[in-house]
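Engineer:
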Amino acid sequence: MGLYAVKGTISQFGQCEVDNDLIVYAYIEVVDAAGRRTLVKKVAVSVDVQAVIELGLEGTFFFDEVFVVGRRILSQLWGASTSDRDVIDTTNLRTILAVTNMLRGIVFTPVLGLGIPYLLAGIGQTWSLIDGSANRRRYFDKVMTGDVEGRSGPPLAERLGLALGRAVADLTRRHAGS
């Protein structure tokens, strides 16, 4: 989880939902040189990268898995490096979500603790921005020079936020179904 790169050719785009800020694809499929397919689901793409990507585009594609309430979005395609150009999106969804999750957590925690998953996710996202583990430019440069560290996953607080969010959703579904 967190930042990762996939090298290959874009072979398919799933259906998409368009609004003024983002295009959210149901999936983007990338096929590497060995023929292995990587399917990235619920991908948000902002304007800078959207202007570059197309079917058949070959290169390295940069993703960031993020915590979005309701799971409408699971990751953001934030960069692309092709033989023609390198693009890093100016919209950092992780930064936007860190602020949003912190605010929701602060507001909703007093109401039966409903904001705890938001608060934990917000803390984890903020921590990843502070400690540099979500520094896109540095990660991009490391991948391009071949000096990439392994994917360590999101911070503990973000993992807890995801787990608690799922638990609250399951509990809500069970009580609504009864």
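Following this note's numbering, the numbering of the sequence shown begins with -5 at its first residue and continues without gaps. For every residue, glycine included, the Cβ atom is placed at its ideal position computed from N, Cα and C.
For the pair the segment 105 to 122 and the segment 70 to 84, tell me if three or more CB-CB distances fall below 8 Å.
Structural biologist: The segment 105 to 122 vs the segment 70 to 84: no contact.
Engineer: Using a 10 Å radius around the Cβ and a threshold of 16 neighbouring Cβ atoms, would you call Leu49 buried or exposed?
Structural biologist: As a working mapping, residue 49 is identified with position 55 in the sequence shown. So Leu49 ends up on the exposed side.
Engineer: Using a threshold of 8 Å, state whether the C-beta atoms of Tyr19 and Gly8 are closer than that.
Structural biologist: On the sequence shown, residue 19 is found 25 positions in, with the first residue counted as 1. On the sequence shown, residue 8 is found 14 positions in, with the first residue counted as 1. Contact flag set, yes.
Engineer: Measuring alpha carbon to alpha carbon, tell me which residue in Ile117, Phe57, Thr32 and Gly53 is nearest Arg130.
Structural biologist: By one-based count along the sequence shown, residue 130 stands at place 136. For Arg130, the nearest C-alpha among the options comes from Phe57.
Engineer: Can you tell me the Cα-Cα spacing of Val101 and Thr54, whole angstroms?
Structural biologist: The residue you call residue 101 lines up with position 107 of the sequence shown. The residue you call residue 54 lines up with position 60 of the sequence shown. Spanning the two alpha carbons is a distance of roughly 40 Å.
Engineer: Kindly indicate which residue of Ser77, Asp26 and Gln119 has the alpha-carbon position closest to the one of Ala128.
Structural biologist: Counting from one through the sequence shown, the residue named residue 128 turns up at place 134. With distances taken between Cα atoms, Ala128 lies closest to Gln119.
Engineer: Less than 8 Å between the beta carbons of Arg66 and Lys36, yes or no?
Structural biologist: Translated into the one-based positions of the sequence shown, residue 66 becomes position 72. Translated into the one-based positions of the sequence shown, residue 36 becomes position 42. Yes, these two residues count as a Cβ contact at 8 Å.
Engineer: Just checking my contact of Phe134 with Asn95 at CB under 8 Å: how many whole Å lie between their CB atoms?
Structural biologist: Here residue 134 corresponds to residue number 140 of the sequence shown, with the count starting at 1. Here residue 95 corresponds to residue number 101 of the sequence shown, with the count starting at 1. 24 Å between Cβ atoms; not a contact.
Engineer: Which residues does DSSP pair with Val0 in a beta bridge?
Structural biologist: To locate residue 0, count along the sequence shown from 1; it is residue 6. DSSP, once it has assigned bridges, lists Phe55 as partnering Val0.
Engineer: Could you check the C-alpha separation between Asp13 and Thr85 for me, to the nearest Å?
Structural biologist: Residue numbering aside, residue 13 sits at position 19 when the sequence shown is read from its first letter. Residue numbering aside, residue 85 sits at position 91 when the sequence shown is read from its first letter. C-alpha separation (whole angstroms): 14 Å.
Engineer: Is Asp80 helix, strand or coil by DSSP?
Structural biologist: Taking the first residue of the sequence shown as position 1, residue 80 is located at position 86. Strand, per DSSP.
Engineer: Is Trp72 helix, strand or coil when you go by DSSP?
Structural biologist: The residue given as residue 72 occupies position 78 in the sequence shown. It is a strand residue.
Engineer: List the whole-angstrom C-beta distance separating Val46 from Leu16, where the pair is believed to meet the contact cut-off of C-beta under 8 Å.
Structural biologist: For the purposes of this step, residue 46 is taken as the residue at position 52 of the sequence shown. For the purposes of this step, residue 16 is taken as the residue at position 22 of the sequence shown. Not confirmed; about 15 Å, so no contact.
Engineer: Report the rounded CA-to-CA distance for Gly29 versus Ser5, giving the unit in angstroms.
Structural biologist: The residue labelled residue 29 in the question sits at position 35 within the sequence shown. The residue labelled residue 5 in the question sits at position 11 within the sequence shown. C-alpha separation (whole angstroms): 11 Å.
Engineer: How long is the line joining the alpha carbons of Lys136 and Arg167, rounded to whole angstroms?
Structural biologist: Along the sequence shown, read from residue 1 onward, the residue named residue 136 stands at position 142. Along the sequence shown, read from residue 1 onward, the residue named residue 167 stands at position 173. C-alpha separation (whole angstroms): 43 Å.
Engineer: When DSSP labels each residue in this structure, what does Phe7 get in the three-state scheme?
Structural biologist: On the sequence shown, residue 7 is found 13 positions in, with the first residue counted as 1. Looking at Phe7 - three-state DSSP - the assignment turns out to be strand.
Engineer: Less than 8 Å between the beta carbons of Gly99 and Ile110, yes or no?
Structural biologist: Against the sequence shown, residue 99 aligns to sequence position 105. Against the sequence shown, residue 110 aligns to sequence position 116. Yes, the pair counts as a contact, with Cβ atoms nearer than the cut-off.
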